[in-house]
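Asks: Residue numbers (the numbering used here): 4 to 256. Note that the Cβ used here is the ideal one computed from N, Cα and C, for glycine as well. Got a structure here, written out as structure tokens. Questions coming.
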């Protein structure tokens, strides 16, 4: 039986570097909450060629890193706030420590054919600086695979309607940034063209897996019966194509 990892509602990058053990428990089995939740490996296989140069942002324990290495991606680079990679052969991975909120990525302009950020931006204090840096280091026409908790989920709509709180951004959650459609359209889409939107498996939105038997039963039923769409998908993934030049600001009167 899997045990649920600890979750600390909010820590700065400096605090996480001092106490990495407070970020999340190393999964005893499986790929961990990010790999099994927000990560969409099939998109990477569809859009990235194995001889391309790829950057992964926010690896945590490295389940997706290992997956991509096992799939034959050799020119593979990883950035995160600290090196928490936890798999055999991690020494072969090119890793750099970074504060995504404030620091420049340690690569020249137009370095990468593809970039991933699975379930990362909702933890950031400044995701917009991060997106600008992704645009800078991605080659024109390169692909950025980006996923977030689905704020348009039915549970989010009902939670905000009745309680004024989105379930995945509540007091016990370590999510601090919300990016609904309007914000994404006027920020991220200045730098990237939307090519495809994908919703992950359906389910109820909670901070962690439900503890009560009836809620667990409902969650299992929802995974099998509800569609993977904006109302029921747990995460939303975006396939974004890097623009050669980012759009200038448009002023409305």
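Within 10 Å of its beta-carbon, does residue 136 have 16 or more other beta-carbons around it, so buried, or fewer, so exposed?
Replies: Numbered from its first residue, the chain shown carries residue 136 at position 133. It is buried - the Cβ of residue 136 has at least 16 other Cβ atoms within 10 Å.
Asks: Have a look at residue 210 and residue 172 and give me their C-alpha separation to the nearest angstrom.
Replies: Along the chain shown, one-based indexing puts residue 210 at 207. Along the chain shown, one-based indexing puts residue 172 at 169. In this predicted model, residue 210 has a pLDDT of only 47, less than 50, meaning its place in the structure is not dependable; the value taken from the coordinates is given anyway. C-alpha separation (whole angstroms): 8 Å.
Asks: Which same chain residues, not among the five before or five after residue 52, have their C-beta less than 8 Å away from its C-beta?
Replies: In the chain shown, the residue the question calls residue 52 occupies position 49. If we look at residue 52 and ignore the five residues flanking it on each side, its Cβ neighbours are 116.
Asks: By alpha-carbon positions, which one of 106, 147 and 223 ends up nearest to residue 128?
Replies: Position 125 of the chain shown, counted from the start, is the residue given in the question as residue 128. Measuring from the Cα of residue 128, the nearest candidate turns out to be 106.
Asks: Give me the Cβ distance between residue 197 and residue 241, rounded to the nearest whole Å; I'm assuming they're in contact under 8 Å.
Replies: Your numbering for residue 197 matches position 194 in the chain shown. Your numbering for residue 241 matches position 238 in the chain shown. Between residue 241 and residue 197 the Cβ distance is about 6 Å, and since that is below 8 Å, they are a contact.
Asks: Could you compute how far the alpha carbon of residue 230 sits from the alpha carbon of residue 204?
Replies: As a working note, residue 230 is residue 227 in the chain shown. As a working note, residue 204 is residue 201 in the chain shown. Computed Cα separation, rounded: 8 Å.
Asks: What separation, rounded to the nearest whole angstrom, lies between the Cα atoms of residue 155 and residue 41?
Replies: Position 152 of the chain shown, counted from the first residue, corresponds to residue 155. Position 38 of the chain shown, counted from the first residue, corresponds to residue 41. Looking at the two C-alpha atoms, the distance is approximately 15 Å.
Asks: Among 250, 145, 122 and 18, which has the Cα closest to the Cα of residue 178?
Replies: Looking up residue 178 in the chain shown gives position 175. That would be 122, whose Cα lies nearest to the Cα of residue 178.
Asks: As a quick exercise: from 134, 141, 161 and 57, pick the residue whose alpha carbon is nearest that of residue 187.
Replies: Position 184 of the chain shown, counting from 1, holds the residue named residue 187. Selected option, being the one with the closest Cα: 134.
Asks: Whose CA, out of 174, 152 and 161, lies closest to the CA of residue 184?
Replies: If you number the chain shown from 1, residue 184 lands on position 181. When each option's Cα is compared against that of residue 184, the closest is 152.
Asks: Measure the alpha-carbon distance for residue 132 versus residue 194 and round it to whole angstroms.
Replies: As a first step, residue 132 must be located in the chain shown, where it is residue number 129. As a first step, residue 194 must be located in the chain shown, where it is residue number 191. Answer to the nearest angstrom: the Cα atoms are 12 Å apart.
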